[in-house]
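Undergrad: Residues in the sequence shown are numbered consecutively from 23, following the working numbering.
Every residue gets a Cβ at the ideal spot worked out from N, C-alpha and C, and that includes glycine.
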Amino acid sequence: MLVLIKGAGDLATGTAIRLYRAGFTLVMTDIEKPTAVRRTVAFCQCIYDGAVTVEGITARRAADAGEARRILDRGEIPVLVDPAAEIRGEMKFDAVVDAILAKKNIGTAIDDAPIVLALGPGFTAGVDCHGVVETMRGHDLGRLLTEGSAIPNTGVPGDIGGFSRERIIRAGADGPFEPVAEIGQTVRKGDVVARVNGVETAAQLDGVVRGMLPAGLEVFQGMKSGDIDPRCEVRHCFTISDKARAIGGGVLEGLLYFQRRNPAVG
Numbered sequence: 023m024l025v026l027i028k029g030a031g032d033l034a035t036g037t038a039i040r041l042y043r044a045g046f047t048l049v050m051t052d053i054e055k056p057t058a059v060r061r062t063v064a065f066c067q068c069i070y071d072g073a074v075t076v077e078g079i080t081a082r083r084a085a086d087a088g089e090a091r092r093i094l095d096r097g098e099i100p101v102l103v104d105p106a107a108e109i110r111g112e113m114k115f116d117a118v119v120d121a122i123l124a125k126k127n128i129g130t131a132i133d134d135a136p137i138v139l140a141l142g143p144g145f146t147a148g149v150d151c152h153g154v155v156e157t158m159r160g161h162d163l164g165r166l167l168t169e170g171s172a173i174p175n176t177g178v179p180g181d182i183g184g185f186s187r188e189r190i191i192r193a194g195a196d197g198p199f200e201p202v203a204e205i206g207q208t209v210r211k212g213d214v215v216a217r218v219n220g221v222e223t224a225a226q227l228d229g230v231v232r233g234m235l236p237a238g239l240e241v242f243q244g245m246k247s248g249d250i251d252p253r254c255e256v257r258h259c260f261t262i263s264d265k266a267r268a269i270g271g272g273v274l275e276g277l278l279y280f281q282r283r284n285p286a287v288g
């Protein structure tokens, strides 16, 4: 089964890794300047670096469909700068997974492919996609919904180690982002971790920097620019999160569930 994953951030990457290991063939798309803070576990980082390997699986930037096919032949995952997913017109996909996590539908339709799945709020199963995978931490995380919608976005980051909003590093001003701390670095509450146009952002808790935007990226005041993990496990910075694995499992279930109902797929 050839699957297009729209988005290549950390949750999309966790999904891609589960599908790749299960034998699916994958193509991914993203914007020209991705804003995933967990860059060490996000395939979108290859848009900046050319290639990236996460948990032994390599994704490589592709300029077009021809190059994407050559990357697939090498057993790697091609990632294209293609926000509108125009690659659908050049390659025949059995399934499309909207993993953009925009909290709303910005261009996915149920007839985009024989199977269309979407992550998180903004979609209704049976209306603009066949199935929705819950992304909210809690009892239903990773659950496949074949009717209805995911829990609406609350705007409150998930609780990790007893902390929620305090985990997030936010830009203090508009302008080019300047990281001060590095991913994997241990910081203390009050330490300066980032700077934008001279405005500093300090850590609000003790922990390990798990995510940070790349230097020079244009940001706006209040924009999520990184996160700090109070569990202080450095290895967590370089491996897929429990949340990403759960969501990836829900997508895997969804592809198999709807394939069984449409044997012509794959």
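1. Sort Ile128, Phe242 and Asp71 by Cα distance to Asp120 and report the nearest one.
2. Given a threshold of 16 other Cβ atoms within 10 Å of its Cβ, counted over all protein chains shown, does Ala286 qualify as buried or as exposed?
3. My assumption, with CB atoms under 8 Å, is that Ala194 sits in contact with Gln243. Please give the rounded CB distance.
4. Looking at Cys68: is its Cβ nearer than 8 Å to the Cβ of Gly31?
5. Taking Glu275 as part of the alpha helix (DSSP H), name the residues at either end of that continuous run.
6. According to DSSP, simplified to helix, strand and coil, what is Cys254?
7. What would DSSP say about Thr47, mapped onto helix, strand or coil?
8. Between Gly111 and chain C, is there a C-beta pair that is closer than 8 Å?
9. Along the chain, where does the beta strand (DSSP E) containing Ile99 start, and where does it finish?
10. With 16 as the cutoff for other CB atoms within 10 Å, does Thr8 come out buried or exposed?
11. Please classify His161 as buried or exposed, where buried requires at least 16 other C-beta atoms within 10 Å of its C-beta.
TA: Here's the rundown:
1. Ranked by Cα distance from Asp120, the first of Ile128, Phe242 and Asp71 is Ile128.
2. Exposed, because fewer than 16 other Cβ atoms sit within 10 Å of the Cβ of Ala286.
3. At residue 194 the sequence reads Gly, which differs from the Ala that was named. Contact between Gly194 and Gln243 holds, with the beta-carbon distance rounding to 7 Å and staying under 8 Å.
4. Cβ atoms of Cys68 and Gly31: not closer than 8 Å.
5. From DSSP, the alpha helix (DSSP H) with Glu275 extends over Asp264 to Arg282.
6. Per DSSP, reduced to three states, the secondary structure at Cys254 is coil, with no helix or strand assignment.
7. Of the three classes helix, strand and coil, the one that applies to Thr47 here is strand, per DSSP.
8. This model lacks chain C altogether; it includes just one protein chain.
9. Note, Ile99: beta strand (DSSP E), Ile99 to Val103.
10. Outside the displayed range of the chain (23 to 288) lies residue 8, so it cannot be described from this structure.
11. Exposed, because fewer than 16 other Cβ atoms sit within 10 Å of the Cβ of His161.
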